Structures are given as C-alpha cells and as structure tokens.
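Read through the structure below, which is laid out as structure tokens, and then see the notes.
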Amino acid sequence: MEQNAQDYKLIFEKEGVYLHTNAKRSNQDTIPGFIRIVERAGLPALEWSPLEDEGRCAPAVLYAKKDGEGGEEVTNFDPGYEPDWAVISTVKKDREHVPVKDSDQWSFSLPLSELYSLRRARWSLGRNFLVLTSRGGHPLPPLHFHRGGTRELLRSLQRYIILDQSPVDGRLFLAYPHDSGALSQSFDKLQLLDDGGSDLVSRFIQDPYATTFGGFSKVTNFFRAAIRPPDSPFHLRTGQDPSLPSQADDEPGFELITCGVELGPRPNVMRGPPLDKWDVFLDPEGRVKDPEKIKDLVFRGGIKPSLRKEAWKFLLGFYPWNSTAKEREAILQVKTDEYFRMKVQWKSVSEEQEMRNSLLRGYRSLIERDVSRTDRHNTFFSGNDNPGLTLLHDVLMTYCMYNFDLGYVQGMSDLLAPLLFVTQNEVESFWCLTGFMDLLHQNFEESQEAMKQQLLQLSILLKALDPELCDFLDSQDSGSLCFCFRWLLIWFKREFSFEDILILWEVLWTRRPCDNFHLLIACSILQSQRGELIGSDHDFNTILKHINELTMRLDLQTVLRGAEAIYLQLVQCKELPLKVLEVLGLYVPSSSEEESPDSQVSETQRLLSQPEAGAASSRAPGASAAGAAGGPPAPTYP
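Take 3 as the starting number for the sequence shown in my numbering and just add one per residue.
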C-alpha cells in the first residue's frame with residue numbers, strides 16, 4: 003500500500019532477517035526478509051516483510067561439510083583451493099527460500115505499544131534469534147538474524163520502550179513505554195520501594211548515591227534502562243550493556259566474565275635464539291640429559307633448521323626422550339617394518355576389491371584431490387610427477403590403514419606436508435604424523451565436539467581479556483568466533499608462511515606454558531586486530547573477509563610474544579574466574595564444584611599452589627613452582 007511520506011518514517015531497517023515458520027520442525031520454512039522499525043502517523047511499530055526478490059540470499063557458516071552434502075559452495079580463496087572444512091564460506095541454499103507468494107502471509111506490523119516481551123537466544127553456530135510476544139500473549143515466529151543486527155535493533159527499540167529484564171529468566175525482557183506512570187507501576191510490581199516510584203526516580207537521578215539502599219542492586223539494570231535518555235549512546239567498554247540481554251546467558255556453559263576483574267599490566271616478553279646445539283644435551287649413550295631444558299629453549303626460540311629432523315622426532319613421540327642411540331636404532335627398524343606392512347595392505351587391494359569398499363575408495367579420492375593442491379608453491383611439492391607428491395599420497399593412504407575409524411579427513415594433508423618436508427623420509431614422516439594426530443585427532447572427528455569446545459574456551463579467554471572486543475563481535479553475530487575455526491583445526495597452517503609454521507608448530511609441541519597455548523595465540527591475533535574492528539562498520543560478512551585476509555600478513559614473533567604476555571598477565575591475576583583457570587590448565591574442578599559452576603574464586607592462590615591443579619607443570623618456562631603459586635615472576639630467558 004502506498005504510504006503518505008508525511009505519515010511514514012523509517013527508523014531502522016535490517017536485511018537478512020529470516021522468519022522460521024515452525025521452530026519445532028526440522029524441515030521448517032525459512033523465509034528471508036527485512037526487519038524494520040517505522041513510525042506511522044507518529045506511532046512506532048516493528049515490522050517484518052519478505053524479500054521481494056526471491057533470488058536474494060543470506061550468508062551461512064559452513065562447518066566440516068563432507069563431500070556429497072547439499073549446498074553450493076562459493077570459494078574466493080587464493081590459490082583457488084579451500085577444503086570443505088574451511089568453515090567460512092558464502093553458501094547458497096535454495097531450500098531456505100519459499101515462494102514469495104507463500105511468504106506474504108507471514109508479514110506483520112506490531113505497534114510497539116502492543117509488544118509485551120522479547121526473548122533473545124542463540125543457535126549453536128552463533129546466530130542470534132528473537133522471539134516477540136504481543137500483549138495478547140501470542141508469540142510471533144522466531145526471527146533469525148543471519149547477518150547480525152540484533153544489538154542495533156534493540157538500541158533502536160529503546161528510543162520508544164524500556165526493556166526490563168525478567169527476574170526469573172535472564173534472556174526474557176519485558177517491554178514498557180517511556181512514561182512515568184508505567185515506570186511507577188513497574189516499581190510497584192517489583193515491591194522493593196516503600197514510597198512513590200516516580201519521586202524516587204527523580205531523587206535517584208539527582209543523587210544516585212544517597213538514594214541507593216540495601217537490596218536496590220536487584221533492580222540496578224532496570225534503573226539504568228529507565229533513566230537513560232532515549233537517544234543516549236551505549237557505553238560498551240564494560241563488555242555488557244545492562245539494559246540488553248546478557249551475553250553470558252546466550253550459550254549454555256558460559257561463565258559471566260566482565261571487567262570486574264583487574265588483570266593488571268601485560269608484561270613485556272622477549273623471544274630467544276633458536277636451539278642450535280643438540281649433541282651437548284646427549285650423554286655418552288645418546289640419552290637426552292635434560293628434556294625440559296630443550297623444551298624451554300624450543301619454546302623460547304624454535305629450532306635451528308639443521309636440527310629439526312632429529313628434534314622433531316622427540317617432540318612428536320617417535321623416539322622416547324630417555325632412549326639410547328642403540329635403542330633408537332631398534333625403534334626405527336621396528337617402526338619401518340610396521341609402516342610397510344600397513345602400506346602393503348592398501349597397495350595390495352585390487353580395483354575390484356576397492357569397487358566394493360566405498361570407504362577406502364572415498365579416502366583415496368579425497369587424498370588424491372588434496373595432494374594435488376597442498377603446498378604446491380613449495381619446491382618439495384611443486385611441478386608434475388614430483389616424488390614429494392607421491393610420498394604425501396602414500397603416507398596419507400597408510401595412515402588410513404593405521405587409523406581406519408578416522409581415515410582421511412581434509413586438512414590432514416596440511417599437517418603432513420611440513421613433516422615430510424623436514425624429515426625427507428617416508429617412514430619418519432608417517433610416525434611423526436601419528437604423534438601429531440595424537441594431539442589433534444579430535445579436531446577431525448565428525449561430531450566436531452572438540453572444535454566447539456575449543457571455540458567456547460577461546461570465547462572464555464577473550465571475554466576475560468577484552469570484553470569490549472567480545473561485545474563488538476557479538477553485536478555483529480560473530481561472538482561464536484566461528485571465523486577462528488580454521489586456525490584451531492590445523493593450528494594456523496594457512497595463516498603463516500611455510501617457514502613460520504615450522505617454528506610455530508615446534509613451539510606448540512613443547513606444550514609450554516600450557517596445553518592450550520594455541521588458544522592464547524588466537525587471542526593475540528584477535529587483539530592485534532581490535533583497532534580494525536571496533537568502531538568500524540564491519541558486519542558479519544566483512545569480519546569474515548577481514549580475518550581471512552590476515553593470511554600471510556601476520557608477524558609470527560609478534561604474535562608469540564603477545565600470546566605469552568597474555569598468559570603471564572592472566573596467571574598473575576589473583577581473582578581469575580574458574581572457567582579461565584580451567585582453560586589455562588591451572589585448575590581442575592572437583593565433582594562438587596562442577597555441580598556449582600557459578601561458584602566464586604576467592605582463593606586463587608590456593609588453587610594455583612596445589613600440584614594436582616597443574617600449577618607446577620603449566621607454569622611459564624623459567625618460573626618456579628612457588629612463583630606459579632603466587633603469580634609467576636618475570637620469566638628468565640636462555
């Protein structure tokens with residue numbers, strides 16, 4: 003219907019808001035459209051309408067998609083190759099669209115005076131959705147914000163209404179108009195005030211400290227929403243605007259982490275030279291005399307290229323640290339025999355047999371495809387009929403026989419290529435790969451539970467370190483940090499140069515200063531980009547683009563210094579939340595504490611001093627056990 007320009011005013015508009023017509027059905031209709039706040043004859047209303055152009059679509063996040071699954075993938079990565087697990091793609095799914103003529107019936111216009119409540123929640127992949135209920139008690143179909151914008155919508159709504167958090171459900175917000183009568187009724191509903199609500203609001207605005215009294219903290223969030231001028235900007239430096247739905251409640255398992263914890267200054271960290279001597283660490287029989295010293299040196303500066311072939315076999319468990327030179331000769335012989343027995347198994351399978359073994363045939367197809375496009379810029383794998391490509395193929399096929407349940411998953415070729423390049427040996431690269439996969443095999447499991455857990459842990463760390471950055475990412479529906487999926491899956495293989503990856507991986511293999519140091523590296527990268535993100539006009543798509551374009555533009559030594567400095571800053575804080583301590587490996591909850599995840603940490607020093615909490619084994623290199631218990635001293639450098 004044509005609208006008189008004087009009677010109609012557009013206040014807010016967001017595209018890419020999908021209406022799910024039946025949230026309980028797995029095959030629900032998903033209709034793309036616009037959400038708008040408009041004024042009609044001066045009266046505000048919230049409206050949703052479908053896209054007129056049926057061909058338009060919203061971006062989606064792709065997780066570990068196997069070959070053969072639906073969806074037309076569009077990749078724009080140089081050099082034209084990005085495997086299916088790469089997470090971040092723009093995908094087009096025609097099944098998400100229904101004909102416009104069928105979707106018109108779902109259009110609605112709800113006067114804000116009729117809005118009773120708003121519930122904000124989040125799917126597991128990080129997209130927010132809203133459920134609106136009218137004063138008649140009728141919920142509208144869920145609105146899913148595939149391109150972000152929930153926070154901006156709520157900001158715009160607060161020009162006209164107050165959002166009062168429900169005392170029984172932190173994700174449910176009740177709507178009240180901006181008028182003193184409604185405000186007084188709201189205070190009466192809370193039954194916390196003895197005198198007139200409106201008078202108290204006036205006195206609170208004039209002198210909030212004198213007016214505050216015991217028990218008043220229960221309605222602090224309500225007051226802040228009530229007294230904020232409708233057009234005042236939000237102050238997001240605390241990481242959570244009190245009048246908006248709690249970020250901590252969006253995901254089960256999240257602990258509320260705010261700026262209430264003072265982390266203290268971040269120390270300056272220095273890197274050291276690479277490990278450049280090996281024989282000096284061996285006794286007369288060839289045993290490594292001080293493995294921990296070697297690990298400290300490797301963590302601090304990596305390994306001299308000429309020593310990598312030997313040192314990597316210890317770091318990845320091919321050789322035990324306490325083995326003699328003679329024992330290692332025997333180990334190599336046994337491992338060589340075992341490798342070729344497994345290799346013969348797949349090489350002896352005839353074409354007819356393979357035609358009846360779809361699993362093996364699928365593994366071979368994936369391997370052949372990935373081998374042809376893995377690190378082809380490296381001379382070891384470049385050109386046609388390169389022996390390095392044959393070795394890459396054969397080792398991956400043999401790994402399928404070694405671990406047939408897992409088999410081959412895209413991304414494993416990225417892990418093997420540097421190992422093969424350094425060892426220059428088929429057998430040794432295979433057993434180094436098995437050691438590497440002992441650390442990362444859960445990343446490649448079909449359930450993706452390990453990856454979800456790591457993204458959750460990364461979010462916990464980032465919330466403690468930089469609530470403002472978390473708040474910005476969440477406002478753009480990027481709070482799930484799904485764009486970090488590739489980083490964690492193959493340990494930043496695509497983000498750094500080939501030579502830098504050799505250094506980074508050997509640093510991570512030391513497991514210094516904690517097992518989750520790769521998450522601190524991710525935090526270091528994200529915080530290095532906060533200036534490019536916060537205050538920008540980046541939305542979900544442009545955040546993805548910006549993160550992907552960091553490839554080969556990061557300075558490894560700067561990132562490593564930042565990650566270690568973050569670790570030292572965190573462990574020196576005496577009041578870290580339990581969840582942060584767990585991620586850092588400094589605390590293992592008892593069964594009773596697991597039942598009470600909201601318990602406060604008031605004895606952090608005691609926790610860190612307990613051996614079973616991992617304080618001694620997880621401290622920074624050079625820090626004593628006593629130092630780890632009370633906050634480690636500045637690390638020493640070899």
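Every residue, glycine too, gets a C-beta built ideally from N, C-alpha and C. In this text, all values refer to a predicted model and were calculated from it rather than measured experimentally.
Residue range of the alpha helix (DSSP H) that includes residue i
i           : result
residue 441 : 428 to 442
residue 348 : 327 to 349
residue 564 : 558 to 573
residue 136 : Careful: residue 136 lies outside any alpha helix (DSSP H), inside the beta strand (DSSP E) at 130 to 136.
residue 52  : Element bounds for residue 52: not the alpha helix (DSSP H) but the beta strand (DSSP E), 45 to 52.
residue 520 : 519 to 530
residue 665 : Residue coverage of the chain in this structure runs from 3 to 640, which leaves residue 665 outside it and unanswerable.
residue 546 : 542 to 550
residue 474 : 469 to 477
residue 584 : 580 to 585
Contact set for residue i: own chain, Cβ-Cβ below 7 Å, skip 5 residues either direction
i           : result
residue 505 : 304, 558
residue 9   : 42, 43
residue 119 : 135, 174, 175, 176, 177
residue 109 : 50, 51, 52
residue 435 : 397, 401, 417, 418, 421
residue 486 : 457, 460, 524
residue 423 : 380, 382
residue 393 : 422, 428
residue 492 : 413, 416, 417
residue 468 : 529, 532
Proximal residues to residue i (C-beta, below 6 Å), its chain only, five neighbours per side dropped
i           : result
residue 16  : 37, 151
residue 483 : 457, 460, 461
residue 20  : 32, 34, 146, 148
residue 564 : 526
residue 162 : 46, 114
residue 433 : 320, 337
residue 309 : 280
residue 357 : none
residue 446 : 411
residue 569 : 515, 522
residue 12  : 40
residue 347 : 403
residue 126 : In this prediction, residue 126 scores a pLDDT of 41, lower than 50, which makes its location untrustworthy; no coordinate-derived value is stated.
Contacts around residue i, its chain only, beta-carbon distance under 8 Å, and the 5 residues preceding and following it disregarded
i           : result
residue 521 : 456, 459, 460, 463, 490, 585
residue 351 : 359, 362
residue 141 : 133, 134, 135
residue 267 : 571
residue 283 : 290, 291, 292, 295, 296
residue 306 : 276, 277, 278
residue 536 : 470, 471, 474
Range of the contiguous beta strand (DSSP E) that encloses residue i
i           : result
residue 537 : Premise fails: residue 537 is in no beta strand (DSSP E) and is neither H nor E.
residue 153 : Looking at the DSSP string, residue 153 is not in any beta strand (DSSP E); the run it does join, the alpha helix (DSSP H), is 152 to 159.
residue 323 : Note, residue 323: premise wrong, no beta strand (DSSP E); not H, not E.
residue 41  : 32 to 42
residue 111 : 110 to 113
residue 164 : 163 to 167
residue 179 : 174 to 179
residue 147 : 145 to 147
Whole-Å CB distance - residue i paired with residue j, under 8 Å assumed
i           : j           : result
residue 400 : residue 344 : 5 Å
residue 269 : residue 567 : 6 Å
residue 545 : residue 478 : 6 Å
residue 121 : residue 132 : 7 Å
residue 496 : residue 560 : At roughly 18 Å, the Cβ-Cβ gap does not stay under 8 Å, so residue 496 and residue 560 are not in contact.
residue 518 : residue 437 : About 19 Å separates the two Cβ atoms, so there is no contact after all.
residue 301 : residue 573 : Not quite, the Cβ-Cβ distance comes to about 16 Å (not below 8 Å), so this is no contact.
residue 299 : residue 318 : The pair is not a contact, with the Cβ atoms about 17 Å apart (cut-off 8 Å).
residue 341 : residue 409 : So it is not a contact: roughly 17 Å between Cβ atoms.
residue 582 : residue 466 : 5 Å
Three or more C-beta pairs closer than 8 Å, one from the region 375 to 384 and one from the region 416 to 426: is that the case here? Contact between the region 375 to 384 and the region 416 to 426 is present, because at least three Cβ pairs lie under 8 Å.
For the region 357 to 442, list the alpha helix (DSSP H) runs that are entirely contained and at least 4 residues long, ordered along the chain. For the region 357 to 442, whole alpha helix (DSSP H) runs of length 4 or above, ordered along the chain, are 360 to 373, 389 to 404, 414 to 425, 428 to 442.
Would you say the region 317 to 331 touches the region 282 to 297, given that touching needs at least three Cβ pairs under 8 Å? Output reads yes: the region 282 to 297 touches the region 317 to 331.
Could you say if the region 493 to 503 and the region 472 to 481 meet the contact criterion of at least three C-beta pairs nearer than 8 Å? No, because fewer than three Cβ pairs between the region 493 to 503 and the region 472 to 481 fall closer than 8 Å, the two stretches do not touch.
Unbroken alpha helix (DSSP H) runs of length 4 or more, entirely within the region 261 to 292: which are they? Every candidate alpha helix (DSSP H) stretch fails here, since none sits fully inside the region 261 to 292 while reaching 4 residues.
Assess, as a yes-or-no matter, whether the region 404 to 412 is touched by the region 306 to 316 under the definition of 3 or more beta carbon pairs within less than 8 Å. Result no; under three Cβ-Cβ pairs closer than 8 Å.
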